[in-house]
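Student:
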Amino acid sequence: MSLFRTTTGAGIGLASSSSILGGFTQIRTATKRVSGSKTNKNDSAGRRLGPKKFENNFVNPGEIIMRQRGSKIHPGENVAIGRDHTIFAMEPGYVKFYLDPFHPLRKFVGVALKKDYTLPVDHFAPRVRRFGYEQILDEADAKKEEEHMSRKEYLAQDELKQMKVKRENAEKLWKRNALSQLKEQFPAITEPELATERLYQVAALMKAGQTLEQARDQVTFNYYFEQQLAVRRGELLQEEFNTKFDQYKKFSSELDLALALDHKTRLHKPFSAEEHQQKKDEILSKLDSEFTGIILKDAQKNAILQLLNTPGVFSSEEIFVFKQKYIPAVLPESVPGTVLDIPRGKKLPENAVVVKTFDPKTRSLRRVVRTKEAFP
């Protein structure tokens, strides 16, 4: 009873100060320290966002034009944008802020190569590009500009020189071997040095992915274009050009009929369609009769690879397919001596491995004991 009286009395006392009807009044107290707290001192320095270059300001490649959070300004011509939305110049020129009719809600910034150019360029108008540099007349400035290089290029000079020497040595070795092979196996070719140069150019284009016919046409066109440039420079007369090019066409056609290059750029005598198919059938029949259904040794693997790499017979794709067929990663179970009949619980010999294979008939895994020779 005392508890009821105390609570009721407290309620009446509080109600008398706020309401005649009685009840409780909620009082909101402060739960956050306002002054002198460490948690309120999180203000960081400004990021200095905004434009760094303005309309018609000249910029060099790499100079920052705009720092921003989000693409408030979009990159236009001759500029690029970083992952933090910083826009920077890609070409030397003058800053231009503009609107694009194809994107009416976007603002763009670009770099015009000349001060009187306006952006954006008309949709069907040709794009203005910087194809070269202005001539430097001062010899000291010209030498300084010629010797200038970036830090990355300067640090890579030793590696670039080693790569150049390695490439030159490989070129000399290929030409020397090709020249000796021409003199020994193709004595009918009258100009072996010129033939070696043409064959090397064809081989370089084949290594870059072109076919033999494409590489031959490209080398012939390159010779034609070089002689045309000599005529334009006044180093060669038009009559001399016609004579030289006719001679080169005759020589190249005779050379292409006399020999060919395979996918590994090895010289060989070209085959006709019948000879090519006959040679391919002979090699495949020999592989089927001598190297199928047996445990392969190293000598037999080398013999298979040597047959598959016969110059001018198989392409690189065919060699890959036949290598998987005749030198498989796992020999089939039909090969004698690769499957052992050892029941469960028995100790396996040292050269045995337990393999679980899927049986499509029972649709379950099957336990097979195989020798290590089944995995060449």
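Heads up: the sequence shown begins at 220 in the working numbering, then just goes up one per residue.
For glycine and all other residues, C-beta sits at the position ideal for the given N, C-alpha and C.
Which residue wins for smallest C-alpha separation from Arg-348, given the options Ile-355, Gln-354, Lys-333?
Tutor: That would be Lys-333, whose Cα lies nearest to the Cα of Arg-348.
Student: Which of the three DSSP states is assigned to Lys-291 in this structure?
Tutor: Note: Lys-291 maps to coil in three-state DSSP.
Student: Are the CB atoms of Asn-276 and Val-314 within a distance shorter than 8 Å?
Tutor: Against a cut-off of 8 Å, the Cβ pair of Asn-276 and Val-314 comes out as a contact.
Student: Would you kindly work out how many angstroms separate the C-alpha atoms of Leu-424 and Glu-445, rounded to a whole number?
Tutor: One C-alpha to the other measures close to 17 Å.
Student: By the three-class DSSP mapping on this structure, what secondary structure does Phe-510 have?
Tutor: In this structure, Phe-510 counts as coil in the three-state DSSP scheme.
Student: Residues in the same chain with beta-carbon distance under 6 Å from Lys-499, minus the five sequence neighbours each way, listed in chain order, please.
Tutor: Counting only Cβ-Cβ distances below 6 Å, and skipping sequence neighbours, we find Val-532.
Student: Report the partner residues of Pro-270 according to the DSSP bridge assignment.
Tutor: In DSSP, Pro-270 forms a bridge with Met-285.
Student: So what's Ile-306 in DSSP terms, helix, strand or just coil?
Tutor: In the structure shown, Ile-306 sits in a strand (DSSP, three-state: E or B).
Student: How do the segment 369 to 382 and the segment 432 to 445 stand: do at least 3 beta-carbon pairs fall below 8 Å, yes or no?
Tutor: Judged by Cβ distances under 8 Å, the segment 369 to 382 makes no contact with the segment 432 to 445, as fewer than three pairs qualify.
Student: Would Ala-593 be called buried (16 or more neighbouring beta carbons within 10 Å of its own) or exposed?
Tutor: Under this definition Ala-593 is a buried residue.
Student: If you count every other CB in all the chains shown that lies within 10 Å of the CB of Arg-582, and 16 or more means buried, which is it?
Tutor: By the neighbour-count rule (16 or more Cβ atoms within 10 Å), Arg-582 is not buried but exposed.
Student: Between Leu-527 and Lys-542, is the Cβ-Cβ spacing less than 8 Å?
Tutor: Yes, the Cβ-Cβ distance between Leu-527 and Lys-542 is below 8 Å.
Student: Check for me: the beta strand (DSSP E) holding Pro-411 runs from which residue to which?
Tutor: Premise fails: Pro-411 lies in the alpha helix (DSSP H), 411 to 426, not in any beta strand (DSSP E).
Student: Would you identify the three-state DSSP class for Val-540, choosing helix, strand or coil?
Tutor: Val-540: helix per DSSP, three-state reduction.
Student: For the alpha helix (DSSP H) that contains Val-298, what are its first and last residues?
Tutor: Element bounds for Val-298: not the alpha helix (DSSP H) but the beta strand (DSSP E), 298 to 300.
Student: Report back the beta-carbon spacing between Pro-311 and Asn-279 to the nearest angstrom; my notes put them in contact at under 8 Å.
Tutor: Confirmed, Cβ separation roughly 5 Å.
Student: Beta-carbon within less than 8 Å of Tyr-419's beta-carbon, same chain only, minus the 5 sequence neighbours each way: which residues are those?
Tutor: Excluding residues within five positions, the ones whose Cβ falls inside 8 Å are Glu-390, Trp-393, Lys-394, Ala-397.
Student: Look at the alpha carbon of Lys-362 and the alpha carbon of Ala-375, and state the distance between them as a whole number of angstroms.
Tutor: Approximately 21 Å, taken between the alpha carbons.
Student: Is the Cβ-Cβ distance between Pro-489 and Leu-550 less than 8 Å?
Tutor: No, the pair does not count as a contact, with Cβ atoms beyond the cut-off.
Student: Going by DSSP in three states, Thr-430 sits in which element: helix, strand or coil?
Tutor: DSSP places Thr-430 in coil when its eight states are reduced to three.
Student: Expressed to the nearest angstrom, what Euclidean distance is found between the alpha-carbon atoms of Gln-429 and Ala-479?
Tutor: Approximately 14 Å, taken between the alpha carbons.
Student: Ends of the beta strand (DSSP E) at Tyr-336?
Tutor: Taken as a continuous stretch (DSSP letters only), Tyr-336 belongs to no beta strand (DSSP E), as it is neither H nor E.
Student: Evaluate Tyr-373 with the Cβ neighbour count: other Cβ atoms within 10 Å of its Cβ, from every protein chain shown; 16 or more gives buried, anything less gives exposed.
Tutor: Exposed: under 16 other Cβ atoms inside 10 Å.
Student: Can you list, in chain order, the residues of its chain whose CB lies under 6 Å from that of Ile-292, leaving out five sequence neighbours each side?
Tutor: Correct list, in chain order: Met-285, Lys-326, Val-328.
Student: With Val-587 and Val-574 assumed to form a contact (beta carbons below 8 Å), what rounded beta-carbon distance in angstroms separates them?
Tutor: Contact holds; Cβ gap of about 5 Å.
Student: Does the Cβ of Ser-238 have 16 or more other Cβ atoms within 10 Å, making it buried, or fewer, making it exposed?
Tutor: Only weak support exists for where Ser-238 lies, its pLDDT of 46 falling under 50; the coordinates are left without a value.
Student: List in chain order: all unbroken alpha helix (DSSP H) runs of 4+ residues lying wholly within the segment 431 to 460.
Tutor: Entirely contained in the segment 431 to 460, the alpha helix (DSSP H) runs reaching 4 residues are, in chain order, 431 to 451.
Student: CA-CA distance, Asp-436 and Ser-535?
Tutor: Rounded to whole angstroms, Asp-436 to Ser-535 spans 22 Å at the Cα level.
Student: Candidates Phe-343, Met-309, Leu-524: which alpha carbon is nearest Val-330's?
Tutor: Taking only the C-alpha atoms, the option nearest Val-330 is Met-309.
Student: Determine the direct distance from the alpha carbon of Ala-571 to that of Gly-564, and round the result to whole angstroms.
Tutor: Their Cα atoms are separated by approximately 14 Å.
Student: I need the straight-line Cα distance from Thr-297 to Lys-371, nearest angstrom please.
Tutor: Looking at the sequence itself, residue 297 is Asn, so the reference to Thr does not match. Near 23 Å, if we compare the C-alpha coordinates of Lys-371 and Asn-297.
Student: Roughly how many angstroms separate the alpha carbons of Ala-598 and Lys-402, rounded to a whole number?
Tutor: In this structure the chain extends from 220 to 595, so residue 598 is not present and cannot be described.
Student: What is the C-beta distance between Leu-474 and Ile-538, in whole angstroms, given that I count them as a contact (C-beta under 8 Å)?
Tutor: Their Cβ separation, rounded to whole angstroms, is 26 Å, which puts Leu-474 and Ile-538 out of contact at 8 Å.
Student: Measure the alpha-carbon distance for Ile-513 versus Pro-562 and round it to whole angstroms.
Tutor: Going from the Cα of Ile-513 to the Cα of Pro-562 covers about 25 Å.
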